[in-house]
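**Student:** Residue numbering for the sequence shown follows our numbering, beginning at 166 and increasing consecutively.
Built from N, CA and C at the ideal position, the CB exists for glycine as well.
Dropping the structure in here first, questions after.
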Amino acid sequence: MDEDSRIVALSEVPTDGTLLFTVRDGFDKSEAILTRLVDGVVAWKNYCPHWTDVRLDKGSGALVRDGEIVCQKHGATFQTDDGFCTHGPCEGAYLDEVEVTVEDDVVYLTDDRYEFANVGPSGEHDLSSRGRIDFSGS
């Protein structure tokens with residue numbers, strides 16, 4: 166495997182949470198999360214399909230409960246193995262997969278749409294309240 170596509174050692178991916186990393190598509194960066202499966206790992210884009218500006222992992226690991234990733238904003242739950250939403254406002258939707266593989270106990274990005282940027286957040290977050298209600302009087 167190409168060293169530029171190396172994300173982390175498999176041992177660094179938590180068994181009870183997620184690991185945040187950033188990918189690049191040209192000049193655009195986006196975040197993804199790695200989570201452990203019984204037989205490897207899987208990666209998902211780091212947002213809830215209900216509101217795509219809501220991050221599942223804000224930097225310290227997404228909440229994983231009973232084998233499901235939980236959106237802490239809406240309570241939606243997603244199966245870790247296939248990204249299927251089993252409960253919440255986006256029930257029936259899927260998380261967007263980012264293709265990865267494990268070789269010699271190392272996780273590599275194999276998704277042709279992206280280049281690996283870094284472990285951790287993208288650093289491109291709007292820190293506004295993200296409120297859906299306009300208080301401007303307009």
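1. Use the C-beta contact count for ARG220: other C-beta atoms within 10 angstroms, 16 or more gives buried, fewer gives exposed.
2. Could you check which residue in GLU168, CYS213, ASP222 and GLU268 has the C-alpha nearest to that of PHE249?
3. Please classify VAL263: is it buried, with 16 or more other beta-carbons within 10 angstroms of its beta-carbon, or exposed?
4. Quick check: ARG171 and TYR273, are their CB atoms within less than 8 Å of each other?
5. Would you kindly work out how many angstroms separate the C-alpha atoms of PHE243 and LEU185, rounded to a whole number?
6. Answer with buried or exposed for ASP299, where buried requires no fewer than 16 other C-beta atoms within 10 angstroms of its C-beta.
7. Kindly indicate which three-state DSSP category GLU168 falls into: helix, strand or coil?
8. In the DSSP output, what is SER195 paired with across the bridge?
9. Just how far apart, CA to CA, sit HIS113 and CYS236?
10. Check the DSSP bridge columns for THR200 and list the partner residues they point to.
11. Does the beta-carbon of SER306 have 16 or more other beta-carbons within 10 angstroms, so that it is buried, or is it exposed?
12. In the DSSP assignment, find the unbroken beta strand (DSSP E) run with GLU268 in it and report its ends.
13. So for LEU260, helix, strand or coil by DSSP?
**Tutor:** In short:
1. Note on ARG220: 16 or more other CB atoms within 10 angstroms of its CB, so buried under the neighbour-count rule.
2. It is CYS213.
3. Per the 10 Å Cβ criterion, buried.
4. The Cβ atoms of ARG171 and TYR273 sit closer than 8 Å to each other.
5. So the two alpha carbons sit approximately 17 Å from each other.
6. Because ASP299 sits at a pLDDT of 42, beneath the cut-off of 50, its placement in the model cannot be relied upon, and the point is left open.
7. In the structure shown, GLU168 sits in a helix (DSSP, three-state: H, G or I).
8. Under the DSSP definition of a beta bridge, SER195 partners with VAL188.
9. With the chain represented from 166 up to 303, any question about residue 113 goes unanswered, as that position is not in the structure.
10. Looking at the DSSP output, THR200 bridges to VAL207.
11. Coverage of the chain is limited to positions 166 through 303, which leaves residue 306 absent and any answer about it impossible.
12. Per DSSP, the continuous beta strand (DSSP E) segment holding GLU268 begins and ends at 265-268.
13. Correct three-state label for LEU260: coil.
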